[in-house]
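The structure appears right after this line, and notes come after that.
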């Protein structure tokens, strides 16, 4: 008669290949109506996630269990929550905690946008806000912000889509979730123009306006910081190299700590007046230096082309 074996009796090959809940890649997507949840969902599908849209919050754990048991492609599952669902609860933190207690490691993505942008988006498609009732669009947005306040605080990734078009948002999601090592800290170095406002999701903000502005150099004015002539001009200015080196050292010094604390995404924002010359050149150079030091980093340019 064969003897029953405990987990500790399993041979190394059998034990190592036994899947665990933590091997299931779960993404929970929520955020404001009009913020871009549908675009995020499509982008996740593009990188191989099985996406369940408008899932009642009460079914999060059940869906995670189904994905784990199904195995294969279902091990990469994204669940999109919508306040329009009658089963939506404001206790997202409790639902996420329940998943973690079961052994899963979900990542929460929250999509946000400025009120003015959301209003324009609803008006452009002639839709009412799902929570405005007999009030104004602004009233519905305010109610939804209150409902989702705790969910936003619990998010691993906050993506502000105020200044992103559909393609830019898709690329952002694909960069965040498309890699093989999704648990590694990923850094986005984003350039911006101060005249268009600070990026709300920035963890670090760098101000490059102390450098001479290529705008005032006639032969450089119409070019951008992604072009060699402008980049060489900006990076060749006194203090530019020390500026980039100092921030590269700062990011390198904090990366290990952020990873230990479970932070997977870091946004470093570099600003100049219009987001065309200095900030773009600095962002490209900083991202390149971070990559050379072994950090997963990419450069994005929020306001390039807005002038």
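Numbering (full-length UniProt numbering), first residue to last: 1 to 307.
Glycine residues also receive a C-beta, built at the ideal position from the N, C-alpha and C atoms.
All figures in this text were calculated on a predicted structure; none of them were measured in a lab.
For residue 31, there is no enclosing alpha helix (DSSP H); the enclosing beta strand (DSSP E) has its first and last residue at 25–31. By the neighbour-count criterion, in which a residue is buried when 16 or more other Cβ atoms sit within 10 angstroms of its Cβ, residue 218 is exposed.
DSSP places residue 294 in the coil class of the three-state scheme, outside both helix and strand. In the DSSP annotation of this structure, the continuous segment of the alpha helix (DSSP H) that includes residue 247 starts and ends at 240–260. In the DSSP assignment, residue 107 falls within the unbroken beta strand (DSSP E) covering 107–112. Rounded to whole angstroms, the Cβ separation of residue 131 and residue 117 is 17 Å, and the two are not in contact under 8 Å. Listed as beta-bridge partners of residue 78 by DSSP are 27, 51. In this structure, residue 41 lies near residue 51, with their beta-carbon atoms less than 8 Å apart. Across the set 190, 141, 216, the C-alpha of 190 shows the shortest separation from the C-alpha of residue 288. When secondary structure is reduced to three states using DSSP, residue 267 falls in the strand class. For the set 176, 103, 138, the Cα lying nearest the Cα of residue 44 is the one of 176. For the 8 Å CB-CB criterion, residue 33 and residue 163 do not form a contact. Bounds of the beta strand (DSSP E) holding residue 191 are 186–193.
Counting along the chain, residue 204 sits inside the beta strand (DSSP E) bounded by residues 204–207. Taking one beta carbon from each stretch, the segment 148–164 and the segment 231–251 have fewer than 3 pairs nearer than 8 Å; the two do not touch. Where residue 157 is concerned, there is no enclosing alpha helix (DSSP H), although the beta strand (DSSP E) around it starts and stops at 157–160.
Boundaries of the alpha helix (DSSP H) harbouring residue 137: 137–147, taken from the DSSP string. The three-state reading of DSSP puts residue 57 in helix, counting H, G and I together. The beta-bridge partner set that DSSP reports for residue 299 consists of 189.
The beta carbon of residue 74 sits closer than 6 Å to the beta carbons of 50, 67 from its chain, once the five residues preceding and following it are set aside; these are given in chain order. Counting along the chain, residue 219 sits inside no alpha helix (DSSP H), nor does DSSP assign it H or E at all. For the set 306, 242, 257, the Cα lying nearest the Cα of residue 277 is the one of 306. Comparing alpha carbon positions, the residue from 111, 173, 170, 126 closest to residue 148 is 111. For residue 201, no alpha helix (DSSP H) encloses it, and the DSSP letter there is neither H nor E. Short of 8 Å from the beta carbon of residue 121, and not among the five residues preceding or following it, lie these beta carbons of its own chain, in chain order: 34, 113.
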